[in-house]
Amino acid sequence: MQLSRILCYSLLIGLLWQVTPVAAQALPSETPFDQYLNKPDNSYTWKIISEKSVDGNRLIVVDMISQTWRTKEEVNRTQWQHWLTLCIPDKVASSTALLFIGGGANGREPPAGPSDRVLQISKATGAMVAELHMIPNQPLMFHNDGKMRTEDDLIGYTWNQYLETGDPTWPARNPMVKAAMRAMDTMTTVAASKEGGQQTVDKFVIAGGSKRGWTTWLTGLDPRVAAIMPLVIDVVNVKPSMEHHFAAYGFWAPSVGNYVQHHIMQRLDHPRMESLYKLVDPFYYRHRLTMPKFIVNASGDQFFCPDSSRFYFDELEGEKYLRYVPNADHGLDGSDAVESLVAFMTLIMSDKPRPKFSWTQEGDGSFIVTTEDAPTEVRLWQATNPEARDFRVETLGRKYTSTLVEADRKGTYVAGVEQPDKGWTAYFVELTYDVGAATPLKVTTNVRVVPDTLPYADKNPSLPTTVSLVCTAKDQATAAAIVASKSELAKQLQLEDFTASHSGARCYFNWKPVDSDSDDQFEGPAKKLAGHLKGKGCDGFQLQLESGPGVTGAK
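FYI, the numbering used here numbers position 144 of the sequence shown as 144, with every residue one higher than the one before it.
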């Protein structure tokens with residue numbers, strides 16, 4: 001149990017309309033994305049900057065330059081430099097290694113050695129484990145505009161550049177994936193060296209969370225990849241998934257604010273958007289991503305609706321497993337997700353059979369789960385939101401509860417929920433397996449939501465953006481007084497087209513954001529307004545990025 005807790009903590013601290021989807025067409029064998037990945041780049045180089053032996057492991061830090069991306073006129077830092085930290089057992093248990101794709105920032109001192117996460121996973125599996133840092137390389141400044149960009153701001157900027165220019169090398173996913181490929185090259189060479197113990201490592205399991213999870217998917221195009229474990233990137237088949245997001249909420253969640261800022265969400269039907277999907281959406285490469293896949297998602301993710309796997313999972317090819325982690329958000333903090341990663345990695349590394357099970361859904365919404373291998377436990381998880389089709393931890397809280405499900409006479413597990421009198425219920429079935437690893441393997445069905453209705457299916461997502469802040473005052477009288485002072489508030493906080501209303505103690509505010517390229521374009525004014533309202537005793541704040549004027553959900 002101590003190992004499980006250490007693994008969970010160390011890994012997860014380091015991570016981040018009614019639609020009937022039309023199947024996206026698979027792509028030709030080579031795309032412009034492939035061409036970028038396969039293009040030789042003489043700037044690739046690496047050197048070992050530290051090494052030591054501890055408890056039967058070789059701990060190595062590598063300074064690696066993966067590539068040159070774009071010109072000096074386009075970006076302030078053209079060479080992508082990374083730290084690659086490795087834990088290599090003196091005698092690896094397998095020629096298959098784990099590469100964890102991580103984040104970080106440029107210009108920092110090199111790490112002293114591999115993280116506790118890397119050390120503990122290597123100890124649990126006996127495998128060589130490495131972490132690739134600084135994916136993407138960040139911060140970066142583009143076109144000398146004075147703005148240092150990171151994470152989704154950086155990626156959103158490059159998507160916008162593609163939409164404006166049509167240049168397929170602009171999306172940042174190009175260098176992010178190529179860096180992971182060079183990391184595999186480096187791992188193989190280091191393992192074979194004297195410093196690495198002259199060992200063979202030629203196959204890889206790739207893992208990463210959020211945008212690194214997206215990178216994990218596409219790194220799977222490399223034939224050396226034996227399996228992938230993408231975490232919290234429940235947006236494969238992007239277009240219907242994000243349309244579903246808007247149709248469920250009626251607004252864009254603030255977590256996707258950078259993509260609203262760069263006008264990506266407002267242009268889902270842009271003429272070049274489909275070609276962008278074909279470049280970077282794993283769904284279009286599914287015919288090539290046939291290796292075992294363990295897809296780990298959060299039931300309360302602030303980016304993606306919990307039933308987003310409906311848009312891709314059934315159409316994935318090859319061996320595939322799904323896990324929705326109950327009561328977890330995008331960071332997976334405090335969950336046992338990493339235990340399942342260790343278990344799955346162990347099965348791949350040892351080439352042991354993975355548990356076989358399948359499920360169907362009945363007309364009444366029940367899951368019918370059939371197993372060939374007996375699980376140690378089966379649970380039904382469910383959560384109800386009486387007000388909105390919204391199961392984000394940041395809005396609903398950790399409301400999922402579970403009940404044990406027993407097998408019937410045929411060894412089948414049947415589980416479902418009653419449709420709520422008000423609101424929506426999300427639910428899924430979880431199976432736990434003892435696979436002989438250091439930790440158990442948990443897998444799930446997809447998440448289903450009942451009623452399967454989308455309250456904002458007819459709302460237009462492409463109108464000019466406004467910002468809403470919703471909160472609860474101490475009482476109705478306080479709410480009325482706050483709303484009555486809206487003119488003074490607008491002047492004090494410099495909010496354009498500011499409106500305010502209330503229903504009982506619930507307050508609703510909406511304004512037009514200042515047209516700027518700042519990360520604080522939406523959240524900055526909202527924080528100032530929230531600070532003022534907190535002084536009046538308000539709480540329960542919710543930020544919404546609206547399409548057009550008005551507050552979604554206002555009563």
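Ideal Cβ positions, reconstructed from N, Cα and C, are used throughout, including at glycine.
Owing to the predicted nature of the structure, the values given are computational and were not obtained by experimental measurement.
Close-in-space but distant-in-sequence residues of the same chain around L347 (CB under 8 Å, 5 per side omitted) = P353, R354, V435, A437 and L441
ask   = Helix, strand or coil: which one does DSSP assign to D539?
value = strand
message = I'd like to know whether the C-beta of G102 is nearer than 8 Å to at least one C-beta of chain C.
response = The structure shown contains no chain C, having only a single protein chain.
Where P559 falls: helix, strand or coil (DSSP) = A question about residue 559 goes unanswered here, because the residues of the chain that appear run from 1 up to 555.
request  = Use the C-beta contact count for L289: other C-beta atoms within 10 angstroms, 16 or more gives buried, fewer gives exposed.
outcome  = buried
ask   = alpha helix (DSSP H) containing N160: first to last residue?
value = E151 to T165
task = Report the option in T478, V225 and F509 whose CA atom is closest to the CA atom of L489.
result = F509
query = When you compare each of K491, S516, L493 and I482 to S503 by their alpha carbons, which one comes out closest?
reply = I482
key: Reference R392; option with closest CA among E546, A328 and L316   = A328
message = In whole angstroms, give me the CA-to-CA distance for L463 and Y259.
response = 14 Å
request  = Go through the stretch 464–529 residue by residue and report every complete run of the alpha helix (DSSP H) that reaches 4 residues or more, in order.
outcome  = 476–484 and 486–493
8 Å CB neighbourhood of E195 in its chain, flanking five on each side removed = I48, E51, R58 and I60
key: Simplified DSSP state of Y285, which is helix, strand or coil   = helix
ask   = Where DSSP assigns a beta bridge to A383, which residues make up the other side?
value = A426
message = For H143, count the other beta carbons within 10 Å of its own beta carbon; 16 or more makes it buried, fewer makes it exposed. Which is it?
response = exposed
message = So, for E362: in the same chain, excluding its five sequence neighbours on each side, which residues have a beta-carbon less than 7 Å away from its beta-carbon?
response = I368
query = Exposed or buried, V551, counting other C-beta atoms within 10 Å across all chains shown (16 or more means buried)?
reply = buried
request  = Please name the residue or residues paired with D269 in a DSSP beta bridge.
outcome  = Paired residues: none, contrary to the question.
message = Could you compute how far the alpha carbon of L154 sits from the alpha carbon of N174?
response = 13 Å
query = When the Cα atoms are used, what is the spatial distance from P114 to G103?
reply = 14 Å
ask   = Going along the chain, which unbroken runs of the alpha helix (DSSP H) with 4 or more residues stay wholly within the stretch 77–134?
value = 116–125
message = Suppose contacts are defined by Cβ-Cβ distances below 8 Å. Is L132 in contact with I88 by that definition?
response = no
key: Buried versus exposed, by CB contacts within 10 Å (16 or more), N385   = buried
key: Distance CB(M176)-CB(P139) smaller than 8 Å   = no
query = Taking the alpha-carbon positions, what's the N42 to Q67 distance?
reply = 8 Å
inquiry  = So the candidates are D520, T453, D307 and V414; which of them puts its Cα closest to the Cα of P254?
reply    = D520
ask   = Among Q81, K91 and V129, which residue has its Cα nearest to the Cα of E109?
value = Q81
Residue range of the unbroken alpha helix (DSSP H) whose run includes W214 = K211 to T219
Residue from E418, S94, P171 and V443 with nearest C-alpha to I264 = P171
request  = Ignoring anything shorter than 4 residues or poking outside the stretch 322–408, list the alpha helix (DSSP H) runs there in chain order.
outcome  = 337–350 and 393–396
key: Backbone secondary structure at Y433 - three-state DSSP   = strand
message = Assuming contact is defined by CB atoms lying nearer than 8 Å, are Q228 and W214 in contact in what I supplied?
response = This sequence places Ile at residue 228; Gln is not what is there. No, they are not a contact pair.
task = For the stretch 399–410 and the stretch 448–460, state whether three or more C-beta atom pairs, one from each stretch, are separated by less than 8 Å.
result = no
message = Once DSSP output is grouped into helix, strand and coil, what is the label at P21?
response = Residue confidence for P21 is low, a pLDDT of 40 falling below 50, so the modelled location carries little weight and cannot support an answer.
key: Candidates T186, V225, D145 and W159: closest to W83 by CA position   = T186
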